[in-house]
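All residue numbers in the sequence shown are consecutive under the working numbering, ending with 1196.
Just below is one structure, and these are the notes that go with it.
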Amino acid sequence: MATRAVIIVPGMSVKLYKHWDGYPNGTLPWLEKFNKEFTQERGVDPNYKFAQLIRSSVRMAEEFRLDGSHNTGWGVMQINENCGEEYIYTLQDDGAVTYKGVYAI
């Protein structure tokens, strides 16, 4: 069964949808490493951060056991779209990651 999550980059009008394993133990380690490294190297740059976040889902897939599906599992959605997400992650400008469980299906 899917555990849907979305990842928000402040300053963007879209969010990344992650269909599988949205639980914090399956998603947070990847996002924390990505956001810390990106912020240290690039600073605050929402457009590049969002693009590199998508790329990192492939580059870091093996390390963090991310879904490697070619046609499903990931999506880009408008910020106000509801996909029944159970977790919302926000990549903060200071390199931190915050999240909340929504439990809305």
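Don't be surprised by glycine CBs; every beta carbon is placed ideally from N, CA and C.
Under 8 Å Cβ to Cβ from V1105, same chain only, skipping five residues before and after it: list those, please.
-> F1141, V1167, M1168, Q1169 and I1170
DSSP puts L1048 in a beta bridge; with which residues?
-> Residue 1048 is absent from the model: the chain starts at 1092 and stops at 1196.
CA-CA distance, V1135 and D1184?
-> Near 6 Å, if we compare the C-alpha coordinates of D1184 and V1135.
Per-residue DSSP class, three states only, for L1144 | Of the three classes helix, strand and coil, the one that applies to L1144 here is helix, per DSSP.
Could you work out which residue in Q1131, G1164 and E1177 is closest to I1145 when comparing CA atoms only?
-> G1164
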